[in-house]
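Remarks on the structure that follows.
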Ligand SMILES: [Zn+2]
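Structure representation (structure tokens):
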């Protein structure tokens with residue numbers, strides 16, 4: 402048995418998929434060459450990440466994505482060095498909470514270097530000091 406490659410121009414168009422309501426394409430992705438490329442993606446939000454290593458001019462990009470045939474979407478975070486982190490909606494909420502908390506922690510050192518030591522105030526209250 403031999404396999405003959407079919408030129409892209411002679412391939413049958415793909416059956417359109419049902420796009421998510423937020424899909425930036427919205428056409429059903431029938432123009433794609435492969436079924437696995439018929440995924441929905443939202444608009445992409447770019448954010449400068451000035452401390453990212455290696456530093457370059459590329460931003461962190463965040464967008465929602467849904468694979469063809471799947472009902473559940475997820476969120477993609479792509480770093481300037483082209484790494485992707487895929488998160489469920491619940492994981493995004495947890496990450497948001499963690500980021501907000503750690504941003505708060507990082508700010509504590511700005512004005513009161515010794516005021517934020519876990520357990521220090523508890524011991525002081527117990528001793529009545
Ligand atoms: Zn779509």
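Residue numbers (my numbering): 402 to 530. Here a beta-carbon is modelled for each residue, glycine too, at the ideal position from N, C-alpha and C. Every value quoted in this text rests on a predicted model; they were computed, and no experiment measured them.
- Closer than 6 Å to some heavy atom of ligand 1: that describes the Cβ of residue 426.
- The Cβ neighbour count for residue 507, taken over all protein chains shown within 10 Å, is under 16; the residue is labelled exposed.
- Looking at 423, 472, 483 and 473, the one whose alpha-carbon comes closest to that of residue 444 is 423.
- In this structure, 484 is the residue among 436, 484 and 418 with its C-alpha nearest to the C-alpha of residue 459.
- Within the same chain, Cβ atoms closer than 6 Å to the Cβ of residue 450 are found at 461, the five residues on either side in sequence being excluded.
- Residue pairing of residue 447 in beta bridges, as defined by DSSP: 462.
- Your pair residue 418 and residue 430 checks out as a contact, with CB atoms roughly 6 Å apart and the cut at 8 Å.
- Residue environment: residue 421 is assigned as buried (16 or more neighbouring CB atoms within 10 Å of its CB, all protein chains considered).
- Just so you know, the alpha carbons of residue 412 and residue 503 end up roughly 51 Å apart.
- Closest in alpha carbon position to residue 492, among 477, 482, 505 and 425, is 477.
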